[in-house]
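Residue numbers (the working numbering): 524 to 820. Structure first, then comments.
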Amino acid sequence: RDLMALVEPPCRQTMTSRMTAIKKKLQEKMSSHIEANVTNIAVTTDIWTSVTNEAYLSFTASYIDLDWTMKTPILATILMNERHTQAVISESLGSVADQWSIKNKVVALVHDGASNVKEVGNLNGWYDVHCAAHKLQLCINYAVGTHAVTNHPISKCVSAASRLVGHFSHSPMAVGELMKRQVSMDKDKIPLKLIQYCKTRWNSIYDMFERLSQLRWPVVAVLSDRNVVKLNDAKTLDIIDEHWQLITELLPVLKALQIVTAIMSAESQPSASCVYPMSQGLIKNHLTAKEEDSKVL
């Protein structure tokens, strides 16, 4: 308190004014750079919701400038108070493009393919492109049954694993014991933490399964310790052998999907030319059923 009284921080209005000035300066610099160095732009857009339940529309420009460097600046984040109709979204995107004087430079609009975003690009004279990585993720979610409430065996396995990881996420005692168990089993390895599945975070099923597979025996040891986990909790949290087996079977397939998703989602390099080769590689190789595969796999 004494320090803040000494330095006399500026008031809110002064800070707002300074931030506005910085924004204007950066915008002028970016606008000049785009005008002088950029010929074609692909726009990526998405509507997302903040923690305060406010909807925003993002406008990200992707382009290769004259020195062959990939750039992906976010040119606008718009508060969406109106209904998210096709017309409103189209008008909002067109307005941003006009503000930056790039409407004639935009050649494509990449989006998640939602019904209210389809054909929005065409309304502004741009090609509409459904994000390949997002479409792949929709396929994965459908295949493992996490797209809806279902009794799909893989979905049940994901739920069981997520419930177990959730316990460790909320129990400092369990986490601490998990670290100790790992050190006691292998002193040379750095202790790891479990990773939780998040439906909106791509590849998180693979991340959760891979880490659980790595830490299976330390996790089982912690669940068996009655000083850390109560018997009733252990019975609820323990993953059955069939699910452990399923996790082992799924990891090679999910790893291939994880790699392809990561490449398709690359920000620092163009990925369009990779989509068809990788999709065909998945279908013809990694996703081809083998005689020894289980029915669920």
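We put the beta carbon where it would ideally sit given N, CA and C, even for glycine.
* Can you list, in chain order, the stretches of the beta strand (DSSP E) that have 3 or more residues and sit fully within the region 638-675? -> 650-653
* Under the DSSP definition of a beta bridge, which residues are partnered with Tyr586? -> Sequence index remark: in the sequence shown, residue 586 carries index 63 (1-based). Answer is Lys594.
* Could you name the residues that DSSP lists as bridge partners for Val633? => Here residue 633 refers to the residue found at position 110 of the sequence shown. According to DSSP, Val633 bridges with Thr567, Val652.
* Asked: Using a Cβ-Cβ cut-off of 6 Å (strictly less than) and excluding sequence neighbours within five positions of Leu580, which residues of its own chain qualify?
  -> Stepping through the sequence shown from its first residue, residue 580 is reached at position 57. Within the same chain, Leu580 has close Cβ partners Ile570, Ile601, Met603, Ser615.
* Mind checking His556: buried by the 16 CB within 10 Å criterion, or exposed? -> Numbered from its first residue, the sequence shown carries residue 556 at position 33. Looking at its Cβ environment, which holds fewer than 16 other Cβ atoms inside 10 Å, His556 is exposed.
* Asked: Helix, strand or coil: which one does DSSP assign to Ser694?
  -> Position 171 of the sequence shown, counted from the first residue, corresponds to residue 694. Three-state DSSP puts Ser694 in coil, outside helix and strand.
* alpha helix (DSSP H) segment containing Ser615, residue limits -> Position 92 of the sequence shown, counting from 1, holds the residue named residue 615. Ser615 -> alpha helix (DSSP H) spans 609-622.
* To do: Could you tell me the distance, in whole angstroms, from the CA atom of Asp756 to the CA atom of Gln768?
  => Locating residue 756 in the sequence shown gives position 233, where the first residue counts as 1. Locating residue 768 in the sequence shown gives position 245, where the first residue counts as 1. Asp756 and Gln768: Cα-Cα distance of roughly 22 Å.
* Within the region 729-803, note down every full alpha helix (DSSP H) run reaching 4 residues or more, in order along the chain. => 739-746, 754-760, 764-787
* Have a look at Thr723 and Ala655 and give me their C-alpha separation to the nearest angstrom. => Numbered from its first residue, the sequence shown carries residue 723 at position 200. Numbered from its first residue, the sequence shown carries residue 655 at position 132. Taking the straight line joining both Cα atoms gives about 16 Å.
* Nearest-angstrom Cα distance between Val751 and Gly699? -> As a working mapping, residue 751 is identified with position 228 in the sequence shown. As a working mapping, residue 699 is identified with position 176 in the sequence shown. Those two C-alpha atoms are separated by around 10 Å.
* To do: Report the rounded CA-to-CA distance for Leu549 versus Ile587, giving the unit in angstroms.
  => To locate residue 549, count along the sequence shown from 1; it is residue 26. To locate residue 587, count along the sequence shown from 1; it is residue 64. Near 19 Å, if we compare the C-alpha coordinates of Ile587 and Leu549.
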